[in-house]
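**Q**
Residue numbers (the UniProt record's numbering): 1 to 167.
1) Apply the 10 Å Cβ neighbour rule to residue 131 and answer buried if 16 or more other Cβ atoms are within range, or exposed otherwise.
2) Grouping DSSP H, G and I as helix and E and B as strand, with all else coil, what is residue 13?
3) With the cut-off set at 8 Å, would you say residue 35 and residue 111 are in Cβ contact?
4) List, from N- to C-terminal side, the alpha helix (DSSP H) runs of 4 residues or more that fit wholly inside the segment 88 to 146.
5) Would you list the one or two residues that DSSP bridges to residue 18?
6) So what does DSSP say about residue 161, is it helix, strand or coil?
7) Give the DSSP bridge partners of residue 65, in chain order.
8) Output yes or no for whether 8 Å exceeds the beta carbon distance between residue 62 and residue 98.
9) Which of the three DSSP states is assigned to residue 77 in this structure?
10) Could you tell me if the beta carbon of residue 117 falls within a distance shorter than 7 Å of some heavy atom in the ligand ADP?
11) Which residues does DSSP list as the beta-bridge partners of residue 71?
12) If you count every other CB in all the chains shown that lies within 10 Å of the CB of residue 220, and 16 or more means buried, which is it?
13) Residue 125: buried (16+ other C-beta within 10 angstroms of its C-beta) or exposed?
14) So for residue 3, helix, strand or coil by DSSP?
15) Take the Cβ of residue 150 as the centre, count every other Cβ of all protein chains shown within 10 Å, and call the residue buried at 16 or more, exposed below.
Right, dumping it as C-alpha cells:
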C-alpha cells in the first residue's frame, strides 16, 4: 500500500480515490491534464517581484517584506512548503521587524497555480500567524480556489515522491 504522507488529514474515501489513481498509474496523467503549464519564475528576484505584486494587491497596509527567496534547504515533509519568519530586533531605541518568506526550491518546477497557492499561504501569515478560520478566509480572499489547490499540490507532491522511488 502506498503511503499518502501529504494527505493525512483528508477523509478515507478521498484517499481511496487517490490510491486508485496510483494503482492504475494515472495520478501523473490526471495532474498533467489539470495543470499542464509550468511557471517562469526561476530566480529569487522574480519571486520577490511576484510576491510583492500579490502583497500590494491584497495586503497593502501590511508590514513590508525584507526577503523572499527559493530555499533549497527546506525539507517539504518535515518543515513545510514554505516558511514565513518574523524577526524582531532592537536597534538603538527602536524595535525593527523583518518579514521573510522562503519557498521550497522544488517549487521552481511546479505549475503556476501551486506557486501562487504557496505564496498566498505565506503572505497570509503576515496578518494571521496561526492556521485559524481568519487565516483560511484571507487565503481564499487572495486565491478563491485555495483549498482545491492545496489538495492538488499534495497530490503533486505524492506523485513526485512516487516518481523518485520508481526511477
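Using N, Cα and C, we set each Cβ at its ideal position, and we do this for glycine too.
Please read these numbers as outputs of a predicted model, since none were measured by experiment.
**A** On the basis of the coordinates in this document:
1) As a first step, residue 131 must be located in the chain shown, where it is residue number 131. Counting of Cβ neighbours within 10 angstroms places residue 131 among the exposed residues, the total staying below 16.
2) As a working mapping, residue 13 is identified with position 13 in the chain shown. It is helical.
3) On the chain shown, residue 35 is found 35 positions in, with the first residue counted as 1. On the chain shown, residue 111 is found 111 positions in, with the first residue counted as 1. The Cβ atoms of residue 35 and residue 111 lie closer than 8 Å to each other.
4) Fully enclosed alpha helix (DSSP H) runs of 4 or longer: 112 to 127 and 133 to 142.
5) Taking the chain shown and counting its residues from 1, one reaches residue 18 at position 18. Answer is none; residue 18 lacks a bridge partner.
6) Taking the first residue of the chain shown as position 1, residue 161 is located at position 161. The three-state reading of DSSP puts residue 161 in helix, counting H, G and I together.
7) Your numbering for residue 65 matches position 65 in the chain shown. Paired residue(s): 99.
8) Numbered from 1 along the chain shown, position 62 holds the residue referred to as residue 62. Numbered from 1 along the chain shown, position 98 holds the residue referred to as residue 98. Their beta carbons are not under 8 Å apart, which means residue 62 does not touch residue 98 by this criterion.
9) In the chain shown, the residue the question calls residue 77 occupies position 77. Note that residue 77 has pLDDT 49, beneath the 50 cutoff, so the model's placement of it is unreliable and the number below is only indicative. Coil, per DSSP.
10) This structure lacks the ligand ADP; in fact it carries no ligand of any kind.
11) For this step, residue 71 is matched to residue 71 along the chain shown. According to DSSP, residue 71 bridges with 104.
12) The chain is shown only over 1 to 167; residue 220 falls outside these bounds and no answer can be derived.
13) Here the question's residue 125 lines up with position 125 in the chain shown. Flag for residue 125 reads buried.
14) Along the chain shown, read from residue 1 onward, the residue named residue 3 stands at position 3. Three-state result, residue 3: coil.
15) Numbered from its first residue, the chain shown carries residue 150 at position 150. That one is buried.
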